[in-house]
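Written out below as structure tokens is the structure these notes cover.
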Amino acid sequence: MVEFQPSKLAMRVRFPLPAPINKIHIEIKNFQYGFFFYKKGLYVLMSSFVLKIIAIITMFCDHLGDAIYQKISPFNYIGRIAFPIFAFQISEGFLHTKNLKKYFIRLMVFALISQIPYILFISLYSNDIRLNVFFTLTLGLIAIWLHSYMLKDISSKLDVKIKNSFTKLLLKLIIEFVPIIAIGIIGEISKVDYGWWGILLVFMFYYFKKNKIAMNISFITMCIIYYGIDIIKTGFNTLYIWLFAFNVLPILFINLYNGKQGIKLKYLLYIFYPAHLLILYLLFNFVFIT
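Residue numbers (the numbering used here): 2 to 291.
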């Protein structure tokens with residue numbers, strides 16, 4: 002059955018689908034497109050917990066592929082789904098945490114705890130020494146904090162003190178975004194996982210939190226830039242197409258996020274990350290010799 006409501010570009014479409022998806026509502030309003038799965042549908046199911054489970058499973062696939070093949074494989078394609086979800090959840094964590102200081106300390110503590118398992122794990126296939134993804138997420142959180150509390154307050158005072166519009170705009174851009182770029186450079190120099198791109202991705206999800214269209218366009222653009230740089234460095238390879246396609250995929254899950262926490266397992270990722278790296282290292286270094 003299809004019901005049309007022509008006013009304000011709204012259209013409701015109903016399909017007699019079996020559970021769990023028993024109703025699909027597609028609403029087009031003011032040229033903003035949203036897909037909402039009500040009641041027993043995916044929209045309700047896509048809580049923060051469900052997003053976290055998707056990210057953890059795909060991250061495990063990524064690392065399992067590294068351990069088995071020690072080169073790019075289909076497991077790594079699946080693994081591209083994980084990090085954007087983690088980056089998005091840091092931006093959500095910043096907005097909803099009751100204690101930002103404890104949130105920051107928790108990320109830093111587990112970044113330090115995870116570093117030895119991370120170094121051991123990557124030694125299975127590389128001699129490169131990098132900082133694990135918790136450091137990336139921590140720097141992303143700092144970037145959000147700088148913009149939200151320090152820089153935004155300072156730039157707002159310019160409205161009163163500076164009258165020239167162009168000068169005011171230029172100073173605002175410098176004050177608000179140059180420190181964010183500086184943090185990205187710090188991340189690149191310190192060799193955190195995903196480098197500057199990962200840090201800016203965390204910030205991007207926060208910056209466009211109220212504009213889904215801008216967030217989607219910015220995310221896809223950042224993915225194009227990320228793999229475009231690799232293509233420039235190493236030349237074109239079809240594997241970059243696969244990596245890009247799977248890297249863009251998590252934006253679908255993020256758009257289905259219902260804003261709910263879901264099942265409360267605060268330390269699930271914190272514990273799983275170093276534990277699975279250590280287990281994979283022990284298995285593939287001492288049991289399954291690759």
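Note that CB positions come from ideal geometry on N, CA and C, so glycine has one too.
Output yes or no for whether 8 angstroms exceeds the beta carbon distance between residue i and residue j.
i, j, result
"residue 137", "residue 188", "yes"
"residue 357", "residue 277", "Nothing can be reported for residue 357, as the shown portion of the chain is limited to 2 through 291."
"residue 55", "residue 79", "no"
"residue 273", "residue 120", "no"
"residue 258", "residue 108", "no"
"residue 135", "residue 149", "no"
"residue 123", "residue 131", "yes"
"residue 181", "residue 125", "no"
"residue 251", "residue 86", "yes"
"residue 203", "residue 88", "yes"
"residue 198", "residue 227", "yes"
"residue 281", "residue 97", "no"
"residue 248", "residue 213", "no"
"residue 105", "residue 266", "no"
"residue 48", "residue 263", "yes"
Quick check on DSSP: helix, strand or coil for residue i?
i, result
"residue 113", "helix"
"residue 174", "helix"
"residue 26", "Note on residue 26: pLDDT 39, under 50, position unreliable in the model; the coordinate value appears next. Residue 26: strand per DSSP, three-state reduction."
"residue 125", "coil"
"residue 250", "coil"
"residue 266", "coil"
"residue 278", "helix"
"residue 1", "Shown here, the chain extends from 2 to 291; a query on residue 1 therefore has no answer."
"residue 65", "helix"
"residue 1", "Residue numbering for the chain in the displayed model covers 2 to 291; residue 1 lies beyond these limits and cannot be assessed."
CB of residue i to nearest heavy atom of the ligand SAH: below 7 angstroms?
i, result
"residue 87", "In the structure shown, the ligand SAH is absent, as is every other ligand, since no ligand is present at all."
Which residues in the same chain as residue i place their Cβ atom closer than 8 angstroms to its Cβ, once the five residues preceding and following it in sequence are excluded?
i, result
"residue 271", "107 and 111"
"residue 284", "68"
"residue 269", "53 and 57"
"residue 221", "249 and 252"
Residue i: which of the options sits nearest, CA to CA?
i, options, result
"residue 195", "268, 84 and 183", "84"
"residue 139", "247, 186, 200 and 63", "200"
"residue 46", "280, 261, 288 and 268", "261"
"residue 192", "129, 99 and 73", "129"
"residue 73", "244, 50 and 48", "244"
"residue 223", "246, 102, 267 and 237", "246"
"residue 186", "219, 141 and 264", "141"
"residue 218", "230, 266 and 253", "253"
"residue 145", "225, 183 and 234", "183"
In chain order, what residues of the same chain lie with their CB nearer than 7 angstroms to the CB of residue i, ignoring the 5 residues before and after it?
i, result
"residue 133", "112, 115, 116, 119 and 194"
"residue 288", "none"
"residue 231", "241"
Skipping 5 residues on each side, what residues in its chain have a beta carbon closer than 6 angstroms to that of residue i?
i, result
"residue 71", "126"
"residue 34", "Because the pLDDT of residue 34 is 38, which lies under 50, any placement of that residue in the model is unreliable, and the number read from its coordinates should be weighed accordingly. Excluding positions up to five away in sequence, the list is empty."
"residue 215", "209"
"residue 59", "79, 80, 82 and 83"
"residue 66", "74, 76 and 77"
message: Count Cβ pairs between the segment 88-100 and the segment 207-219 that sit closer than 8 angstroms; are there 3 or more?
response: yes
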